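K.L.:
There's a structure below that I have some questions on.
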Amino acid sequence: MSDITEIIKGIEKLRPIPQVAHKIMSIAQDPETSSSELSDVVVYDQALTAGLLRMCNCAYFGLSKTIDSVHHAVVYLGMDQVVDLVLMISGAENLKKRQDGYDLREGELWRNSVSSALIARELAEKKGSKNNHLIFTAALLKDIGKVVLNQYVAGSSEKINTLVSMQGLSFIEAEKEVIGIDHAELGAMVAEEWNFAPKMVKVIRNHHLSEGLSNIDFETSIVFLADTLCMMMGIGVGVDGLAYRFHSEVLEHLNITERDMQEIMAGFAGKIKQVEDFINLS
Amino acid sequence: MNIVVTVSDMKLSNDPETLISTYSLGSCIGISIHDPVAQVGGILHFMLPESKLDPIKAEKNPYMFADTGIPRLFDEAYDLGGKKERMKIAAFGGAQILGQKGLFNIGERNNSAVRKILSKNNIVLDYEDLGGSFNRTLKLAVKNGRVWVKVSGKGEKEI
């Protein structure tokens with residue numbers, strides 16, 4: 105068992121989410137807000153603006169016009185999309201690096217994060233959710249705990265793998281058993297440290313449904329399902345593989361059939377090249 | 039030359055210097071095919087078992103599905119000079135999330151689709167590494183048909 109306090113201290117080594125992301129989140133959640141308020145906050149940050157414009161102009165969005173200002177971005181892509189892009193750019197730094205403990209090459213964790221977030225957003229929209237930004241951001245940041253836990257997983261990989269292969273534990277159960285804390289718990293602590301809403305903390309903590317199904321909410325279900333689909337498609341999957349528990353009840357709860365599941369996968373794979381370009385630009 | 043096959047894609051070659059790889063097979067399946075005499079090889083990385091899910095998508099990208107992708111893999115190998123009786127065929131992937139049962143178990147359904155399509159055409163797999171909950175990467179040398187599989191966290195091995 106590792107020293108948990110020492111592990112938690114690792115959270116401080118992460119690059120904190122920029123203040124502008126919080127401002128954007130609160131603007132996005134306020135129904136009274138106007139698009140110029142959003143633009144005003146973004147243009148103030150030059151690096152963010154440059155990143156945003158670069159991404160708006162990639163093939164993923166397929167716009168015929170070149171977007172050359174934040175105002176234009178909001179007009180052509182809509183406020184919701186721009187908010188998600190800003191959140192993505194804000195969250196990228198920590199998640200792009202290689203994570204040897206999880207056998208993830210540089211960019212792999214990020215590929216999983218963005219893909220999960222895009223799928224979660226699509227699912228949320230389909231189901232008429234009002235909490236799209238929270239779902240997008242939670243899916244994007246759900247594995248931030250892996251960045252903190254990476255070195256400890258590296259040191260315990262043999263024990264963890266044995267518990268998974270010999271005793272039928274899921275990877276996250278084995279993390280908890282061997283190290284004393286798992287990546288979802290740590291991720292929730294990071295979200296708390298970064299002052300995210302309690303709801304977001306909750307979704308990240310339970311994104312593998314390790315706390316059981318009794319209190320399962322819509323947002324967590326969506327993020328869980330998006331993550332499941334990414335694992336099945338092998339997007340940014342490492343040493344943990346697909347060794348997480350499946351819960352068909354979640355699909356029932358969301359009224360999603362196995363056919364819907366396949367359709368989402370087919371839809372995502374159909375645009376995978378544009379998604380890859382999009383991820384590489386971010 | 040290195041060629042990478044992405045998800046829902048297929049690549050073949052008759053250039054002996056070519057290595058064909060496909061990464062991150064979760065529930066998807068990578069099928070490698072190789073004729074040592076013609077020095078023809080290829081990999082199909084399909085994602086779902088049946089094209090009836092979405093015939094329009096299957097028309098646009100037949101490599102997404104087992105039933106439209108596998109016949110094309112063989113047809114293209116024949117076009118490049120490959121012969122069925124000399125062909126070595128191997129399949130990898132078809133993994134599943136723990137406790138994924140019945141219709142939800144797309145990995146297992148992909149595995150069944152491969153078996154069904156191949157047996158219908160009197161083709162036997164020379165090697166398979168299917169199922170489990172691992173993430174696999176596959177590599178094929180066109181020159182001699184050597185195949186390597188890497189399971190994340192466990193290193194690479196030649197089959």
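Going down the list, the protein sequences come from chains A and B. Per our numbering, the very first residue in the first sequence carries number 105; after that it's consecutive. Per our numbering, the very first residue in the second sequence carries number 39; after that it's consecutive. Just so you know, even glycine gets a beta-carbon here, dropped at the ideal spot from N, CA and C. This structure is a prediction, so every number in the text was calculated from the model and none was measured.
Three-state secondary structure (DSSP) at H312 of chain A?
P.N.:
In this structure, H312 of chain A counts as coil in the three-state DSSP scheme.
K.L.:
Looking at L290 of chain A: is its Cβ nearer than 8 Å to the Cβ of V257 of chain A?
P.N.:
Contact: no.
K.L.:
Is T324 of chain A closer than 8 Å to V305 of chain A when the C-beta atoms are compared?
P.N.:
No, these two residues do not count as a Cβ contact at 8 Å.
K.L.:
Under a Cβ-count criterion, where at least 16 other Cβ atoms within 10 Å of its own Cβ denotes burial, should R119 of chain A be classed as buried or exposed?
P.N.:
Per the 10 Å Cβ criterion, exposed.
K.L.:
For the structure I just gave you, are there three or more beta carbon pairs, one from the stretch 45-59 of chain B and one from the stretch 146-164 of chain B, closer than 8 Å?
P.N.:
Output reads no: the stretch 146-164 of chain B does not touch the stretch 45-59 of chain B.
K.L.:
Which one of B:L82, B:L57 and B:E123 has the shortest CA to CA distance from V152 of chain B?
P.N.:
Closest option to V152 of chain B, Cα to Cα, is B:L82.
K.L.:
Tell me the rounded alpha-carbon separation between A373 of chain A and S62 of chain B.
P.N.:
A373 of chain A and S62 of chain B: Cα-Cα distance of roughly 13 Å.
K.L.:
Measuring only the C-alpha atoms, how far is G316 of chain A from G166 of chain A?
P.N.:
Using only the alpha carbons, I get a separation of about 41 Å.
K.L.:
Using a Cβ-Cβ distance cut-off of 8 Å, determine whether N310 of chain A contacts chain B.
P.N.:
No, its Cβ sits nowhere closer than 8 Å to a Cβ of chain B.
K.L.:
Would you check if the distance between the CB atom of G195 of chain A and the CB atom of I121 of chain A is smaller than 8 Å?
P.N.:
The answer is yes: Cβ separation under 8 Å.
K.L.:
Please return the same chain residues whose Cβ sits closer than 6 Å to the Cβ of K126 of chain B, not counting the five positions on each side in sequence.
P.N.:
For K126 of chain B, where only same-chain residues beyond five positions count, the Cβ hits under 6 Å are H72, D164 and G183.
K.L.:
How would you list, in chain order, the residues of chain E whose beta-carbon sits under 9 Å from the beta-carbon of F350 of chain A?
P.N.:
In the structure shown, chain E does not exist; the protein chains are A and B.
K.L.:
For L156 of chain A and G80 of chain B, I'd like the C-alpha separation in whole angstroms.
P.N.:
Near 39 Å, if we compare the C-alpha coordinates of G80 of chain B and L156 of chain A.
K.L.:
Are three or more beta carbon pairs between the stretch 340-349 of chain A and the stretch 201-216 of chain A nearer than 8 Å?
P.N.:
Output reads yes: the stretch 201-216 of chain A touches the stretch 340-349 of chain A.
K.L.:
Among B:R147, B:A76 and B:S150, which residue has its Cα nearest to the Cα of E123 of chain B?
P.N.:
When only C-alpha atoms are compared, the closest one is B:A76.
K.L.:
Closest by CA to T153 of chain A, which one among A:V178, A:L313 and A:K169?
P.N.:
Minimum Cα distance to T153 of chain A is reached at A:V178.
K.L.:
Which residues, in chain order, does the stretch 197-224 of chain A contribute to contact with chain B at a C-beta distance below 7 Å?
P.N.:
Residues D207.
K.L.:
Is DSSP giving T241 of chain A helix, strand or coil here?
P.N.:
It is helical.
K.L.:
Beta-carbon separation of G169 of chain B and R349 of chain A under 8 Å?
P.N.:
Not closer than 8 Å, so no.
K.L.:
Anyone know if the C-beta pair for V187 of chain A and I248 of chain A falls short of 8 Å?
P.N.:
Cβ atoms of V187 of chain A and I248 of chain A: not closer than 8 Å.
K.L.:
What is the DSSP secondary structure of T137 of chain A, counted as helix, strand or coil?
P.N.:
Residue state, collapsed to three classes: coil.
K.L.:
Report the rounded CA-to-CA distance for I383 of chain A versus L189 of chain A, giving the unit in angstroms.
P.N.:
So the alpha carbons of these two residues sit roughly 11 Å apart.
K.L.:
Since V187 of chain B and K195 of chain B are thought to touch, with beta carbons under 8 Å apart, how far apart are those beta carbons, to the nearest angstrom?
P.N.:
Indeed they touch by this definition, with Cβ atoms about 6 Å apart.
K.L.:
Can you confirm whether M102 of chain B, when its beta carbon is compared against all beta carbons of chain A, has any partner nearer than 8 Å?
P.N.:
It does; some Cβ of chain A falls within 8 Å.
K.L.:
Could you run through the stretch 332-349 of chain A and flag, in chain order, every residue whose CB is less than 9 Å away from some CB of chain B?
P.N.:
From the stretch 332-349 of chain A, only T332, C334, M335, M336, M337, G338, I339, G340, V341, G342, V343, D344, G345, L346, A347, Y348 and R349 have a Cβ closer than 9 Å to chain B.
K.L.:
Does DSSP put G79 of chain B in a helix, a strand or coil?
P.N.:
Note: G79 of chain B maps to strand in three-state DSSP.
K.L.:
Run through chain B and tell me which residues come within less than 8 Å of S314 of chain A, C-beta to C-beta.
P.N.:
Ordered by position in chain B, no residue passes the 8 Å Cβ test against S314 of chain A, which lies about 12 Å from the chain.
K.L.:
With H, G and I counted as helix, E and B as strand and the rest as coil, what does DSSP make of R363 of chain A?
P.N.:
Of the three classes helix, strand and coil, the one that applies to R363 of chain A here is helix, per DSSP.
K.L.:
Please compile the residues from chain B whose C-beta is within a distance smaller than 8 Å of the C-beta of Q366 of chain A.
P.N.:
Neighbours of Q366 of chain A on chain B, chain order: L86, L91 and I144.
K.L.:
Hey, out of A:K234, A:Q150, A:S260 and A:S233, whose CA is closest to G284 of chain A's CA?
P.N.:
It is A:S260 whose Cα lies nearest to the Cα of G284 of chain A.
K.L.:
Using 8 Å for Cβ pairs, my map puts I171 of chain A next to Y180 of chain A. What's the rounded Cβ distance?
P.N.:
The Cβ separation is near 6 Å, so the contact holds.
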